[in-house]
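Visitor: The structure under discussion is supplied below as structure tokens; questions concerning it will follow.
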Amino acid sequence: MNILIIQQLIERLSSLLRSESRHRLAEFGLQPIQFDALCYLVSCNRYSDTPKAVTEFLGLTKGTVSQSIKILESKGLVLKTADKLDKRVTHLSVSEQGKKLVESLIPAELLKLVSEHSSKDDMRATADLLGSLLRQVQDVNGFKSFGQCQTCHHNHTKGDGHYYCGLTKERLSNPDILLICVEHKMQ
Ligand code: SF4
Numbered sequence: 115m116n117i118l119i120i121q122q123l124i125e126r127l128s129s130l131l132r133s134e135s136r137h138r139l140a141e142f143g144l145q146p147i148q149f150d151a152l153c154y155l156v157s158c159n160r161y162s163d164t165p166k167a168v169t170e171f172l173g174l175t176k177g178t179v180s181q182s183i184k185i186l187e188s189k190g191l192v193l194k195t196a197d198k199l200d201k202r203v204t205h206l207s208v209s210e211q212g213k214k215l216v217e218s219l220i221p222a223e224l225l226k227l228v229s230e231h232s233s234k235d236d237m238r239a240t241a242d243l244l245g246s247l248l249r250q251v252q253d254v255n256g257f258k259s260f261g262q263c264q265t266c267h268h269n270h271t272k273g274d275g276h277y278y279c280g281l282t283k284e285r286l287s288n289p290d291i292l293l294i295c296v297e298h299k300m301q
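Sequential numbering of the sequence shown, starting at 115, is according to the working numbering.
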């Protein structure tokens with residue numbers, strides 16, 4: 115019974131959020147799935163900005179994601195660049211126009227209003243609860259966590275205040291550690 119209620123609550127919230135953005139996305143001729151890919155690319159790090167990572171994050175087929183990326187590119191929202199070392203790998207970056215579109219829709223007005231009427235503690239508790247549910251879904255189903263460096267097993271804090279990725283052997287800046295990563299492994 116609880117499972118049913120949880121699913122109904124998540125789907126209702128999701129439907130309300132989708133309906134808020136639908137009109138704005140229609141102005142750009144975008145489908146929600148294409149906007150989801152754009153939002154992912156705004157928040158992912160340099161190891162995770164490939165079509166393959168977008169596919170894994172969204173849990174969709176390669177063909178669907180490839181088509182979505184083509185549309186984002188044709189609208190000037192996403193730019194493609196070949197990897198410097200491996201020309202077979204393509205990196206995707208979000209244009210200024212794409213970033214402005216995401217900033218205009220995220221966070222949603224519906225959630226901003228909730229935030230204005232709630233205490234910081236209540237908002238934090240809600241975020242913790244939703245985060246915990248997401249982690250459980252990912253854990254038990256074997257999905258990648260797509261978390262930030264701060265909670266990653268591979269992250270090492272250097273004495274000079276910088277961070278270091280033990281997997282890629284590269285330094286991470288303060289902005290880097292706020293981005294989500296396809297290689298993230300929960301501590
Ligand atoms: S520390 Fe973890 S999350 Fe951060 S870049 Fe390395 S693998 Fe990715």
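Cβ atoms here follow ideal geometry from the backbone N, Cα and C, with glycine treated the same way. Small disclaimer: the values here were computed from a predicted structure and weren't measured.
#1: Is residue 163 buried or exposed, if buried means 16 or more other CB atoms sit within 10 Å of its CB?
#2: Taking residue 269 as part of the beta strand (DSSP E), name the residues at either end of that continuous run.
#3: By the three-class DSSP mapping on this structure, what secondary structure does residue 277 have?
#4: Around the Cβ of residue 183, are there at least 16 other Cβ atoms within 10 angstroms (buried) or fewer (exposed)?
#5: Quick one: what does DSSP say residue 195 is sitting in, helix, strand or coil?
#6: Find the nearest neighbour of residue 263 within the set 292, 249 and 248, judged by alpha-carbon distance.
#7: Can you tell me whether residue 162 is helix, strand or coil according to DSSP?
#8: Classify residue 231 as helix, strand or coil using the three-state DSSP reduction.
#9: With DSSP as the reference, please indicate the residues paired to residue 207 in a beta bridge.
#10: Identify the continuous alpha helix (DSSP H) that holds residue 307 and give its terminal residues.
#11: Are the CB atoms of residue 213 and residue 156 within a distance shorter than 8 angstroms?
#12: Which of helix, strand or coil does DSSP assign to residue 285?
#13: Would you decide whether residue 271 is buried or exposed? Buried here means 16 or more other CB atoms lie within 10 Å of its CB.
#14: Residues bridged to residue 266 by DSSP?
#15: Label residue 148 either buried or exposed according to how many other C-beta atoms from any shown protein chain fall within 10 Å of its C-beta, with 16 as the threshold for buried.
#16: What residues are listed by DSSP as bridge partners for residue 294?
#17: Under 6 angstroms Cβ to Cβ from residue 131, same chain only, skipping five residues before and after it: list those, please.
#18: Hey, out of 300, 153, 123 and 137, whose CA is closest to residue 217's CA?
#19: Between the stretch 247-266 and the stretch 293-301, do at least 3 Cβ pairs fall closer than 8 angstroms?
Guide: Taking the coordinates as given:
#1: buried
#2: 269-271
#3: strand
#4: buried
#5: strand
#6: 292
#7: coil
#8: coil
#9: 193
#10: Nothing in the structure corresponds to residue 307, since the chain is present only between 115 and 301.
#11: yes
#12: strand
#13: exposed
#14: 300
#15: buried
#16: 158 and 262
#17: 222
#18: 153
#19: yes
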